[in-house]
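Residue numbers for the sequence shown follow my numbering, beginning at -5 and rising by one. Working notes, structure below.
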Amino acid sequence: VENSPTTEMRGFPPEKPIRAEDLHSTDDRRRRWALQHISELCKTQKISRGSGQVTVLPRKMKDLDNLRVCNEHGDSTLSEFLHDTSTDAFLVMHRGEIVTEQYFNGMRPCTPHLIWSCTKSIAAGVVANLLEEDNADFTRKTKITDHVPELKNSGYAGCTIEHLLNMQSSVAYQFGHDPVNILRHKSGNECGRHYRSAEMYPKIAGDDHPGQYAFLQSLDVDERLNPPGSKFCYKDSDTAVLSWVCERFTGKRFVDLISEMIWSQLGAEHDGSIVCGPQGACTPAAGGSITLRDFARWGQMHLQLGSWNGKQIVPAEFIEGVAGFREPLVFGEGLAPPEGFFPDNTTY
């Protein structure tokens, strides 16, 4: 089902060129176009689907448009909700079958869309597979500096793979979605500097890191989080360091590890992509783009505890560990999540 693309960019080229910073534009049309065309705005690497057959997703279509949906403003129909939330594409699978699939704002079944931090979860599947290999040089307790000695003088000294998987490193990393902080230079805003160093956003005066690897080496210890493993704080940099460790351990680009271990095993319809910067460093925390149906395949595989088409793509024990995690997280002063961050307002 394809709805009328009422807000797509009509006519090309537009009067004002679209750039990567339009990912945060207040103009809906510009932002939506950027989210669906990231490979035209940034350098990207291909996440290969391989040469295998496409896995067919069964369909049992239903009209859900009038389904009532509760939200912060009360309730509405599903159709109204999708419109009000500027949704570009929407798909629901029930018991392994697609029951609704809708596209808006110029998006199509073949259109890759930036998935932001969901890229982290795909990246975690690579780490899980490497841990499953039971190699003494790559365990949860392995110090990351064993593979990336360049980080010995950074805030990552003393951190293990497990610390990074749990986002319990001790580095200072201010995370935020405020476009002003991300796109402009602001002292202490590591998130903005990170993505400008990775060339996901354009560099500005004051940026002095030639690439993501150099930026990661520049991060200092946040004493509120010290020692590593004691407190949780959401950081894109932890995922970026994990990818660097995986690259050093395997001798392969992280994007190739995603392709080999995850994407080529799904029977995906399309290749994906991931933003990359200098030295081929990809952005595994937020730079992935994939199509909607392939996202559904990935999600259904996780519902099946990593099993897909008779193959174990992600270790079941790893997925069970994530789903069953109930250890309370200790937040440092000023680091607690906002109220409502967790569905039941608990801190685990």
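Positions of the beta carbon are idealized from the N, C-alpha and C atoms, including for glycine.
Residue i versus the options, residue with shortest Cα-Cα distance
i	options	result
Val239	Val121, Thr79, Gly68	Val121
Glu156	Phe132, Ile32, Asp128, Tyr167	Phe132
Asn147	Val50, Asp57, Phe209, Asn160	Phe209
Gln30	Arg291, Trp110, Gly119	Trp110
Tyr207	Ala199, Leu260, Pro196, Leu236	Leu236
Ile41	Asn303, Ile313, Ser258	Ser258
Asn220	Thr136, Glu91, Ala151	Ala151
Leu35	Met295, Phe312, Ser283	Ser283
Leu124	Gly186, Gly245, Thr285	Gly245
His77	Ile313, Ile92, Asp59	Asp59
Pro309	Ile116, Gly261, Gly200, His203	Ile116
Asp232	Thr94, Leu17, Lys114, Lys54	Lys114
Asp230	Leu260, His188, Glu263	His188
Phe169	Arg102, Phe75, Tyr228	Tyr228
Leu286	His67, Met101, Ile32, Pro143	Met101
Glu314	Lys305, Asn303, Met295, Gly304	Met295
Phe243	Val50, Thr79, Pro143, Arg53	Pro143
Lys56	Asp22, Lys305, Ile92, Gly318	Ile92
Leu145	Asp201, Thr136, Gln211, Ala118	Gln211
Asn387	Glu127, Gly318, Val50	Residue 387 is absent from the structure shown; the chain starts at -5 and stops at 342.
Ile256	Gly119, Gln39, Ser19	Gly119
Lys54	Thr20, Lys37, Arg43, Thr94	Thr94
Ser80	Gly186, Glu311, Asp22, His141	Asp22
Leu158	Ala279, Glu184, Ala14	Ala279
Cys185	Thr277, Glu126, Arg43, Asp140	Thr277
Beta-carbon contacts of residue i that lie in its chain and below 7 Å, excluding the five residues immediately before and after
i	result
Asp69	Arg62, Val63
Gly205	Ser191, Gly271, Pro272, Gln273, Ala275
Arg24	Ile12, Asp16
Gly281	Thr113, Met194, Ile268, Val269
Val316	none
His67	none
Lys305	Gln259
Asn65	Phe75
Thr136	Thr154, Ile155
Gly46	Ser258, Gly261
Val(-5)	Note that Val(-5) scores a pLDDT of 38, beneath 50, so its modelled location is shaky; the value from the coordinates is reported in the next line. Same-chain partners within the cutoff: Glu95, Gln96.
Same chain only: Cβ atoms within 8 Å of residue i, ignoring 5 sequence neighbours per side
i	result
Val324	Ser224, Lys225, Phe226
Arg149	Checking the sequence, you will find Gly at residue 149 rather than Arg. Cβ neighbours of Gly149 beyond the five flanking positions: Ser163, Ser164, Val165, Ala166, Leu213, Asp214, Val215, Asp216.
Asn(-3)	Reliability fails at Asn(-3), whose pLDDT of 40 lies under 50, so the model's placement of it is uncertain and no value is given.
Pro337	Bear in mind that the predicted position of Pro337 carries a pLDDT of just 48, short of 50, making it unreliable; the figure below should be weighed with that in mind. Closer than 8 Å at Cβ, skipping near neighbours: no residue.
Val48	Gly261, Ala262, Glu263
Opposing strand residues paired with residue i [DSSP bridges]
i	result
Cys64	Asp69
Ile41	Gly266
Arg53	Ile92
Ala28	Its beta-bridge partners do not exist; DSSP assigns none.
His107	Ile284
Met87	Ile92
Lys137	Thr154
Phe75	Per DSSP, none; premise fails for Phe75.
Asn183	Its beta-bridge partners do not exist; DSSP assigns none.
Phe373	Residue 373 is absent from the model: the chain starts at -5 and stops at 342.
Phe325	Phe226
Val165	Val215
Neighbourhood of residue i by C-beta distance below 6 Å, restricted to the same chain and skipping five residues each side
i	result
Cys153	Ile138, Ser163, Pro222
Pro11	none
Glu241	Phe248
Asn160	none
Ile32	Leu108, Ser283
His203	Ser191, Phe209
Arg134	Ile155, Glu156
Lys37	Cys270
Pro52	Glu91
Residue i CB to nearest heavy atom of the ligand GDP below 7 Å
i	result
Ile256	Among the ligands in the structure shown, none appear at all, so the ligand GDP cannot be discussed.
Indicate whether the contact test is met: 3 or more Cβ pairs, each with one atom in the region 92 to 110 and one in the region 257 to 270, closer than 8 Å. A contact exists between the region 92 to 110 and the region 257 to 270.
Whole alpha helix (DSSP H) runs in the region 261 to 322 with 4 or more residues, listed along the chain? As for any alpha helix (DSSP H) of minimum length 4 sitting wholly inside the region 261 to 322, the runs are 286 to 297, 310 to 317, ordered along the chain.
Decide if the region 297 to 314 is in contact with the region 269 to 278; the criterion is three or more beta carbon pairs, one per stretch, under 8 Å apart. Verdict: no, contact absent.
Can you find at least 3 beta carbon pairs, one from the region 245 to 253 and one from the region 189 to 205, that sit closer than 8 Å? No, the region 245 to 253 is not in contact with the region 189 to 205.
Determine contact between the region 79 to 94 and the region 286 to 296, defined as no fewer than three beta-carbon pairs at a distance below 8 Å. Three or more Cβ pairs drawn from the region 79 to 94 and the region 286 to 296 lie within less than 8 Å of each other, which places the two stretches in contact.
Would you list, in sequence order, the uninterrupted alpha helix (DSSP H) runs of no fewer than 4 residues that lie entirely inside the region 213 to 259? Qualifying alpha helix (DSSP H) stretches, in chain order: 230 to 244, 248 to 255.
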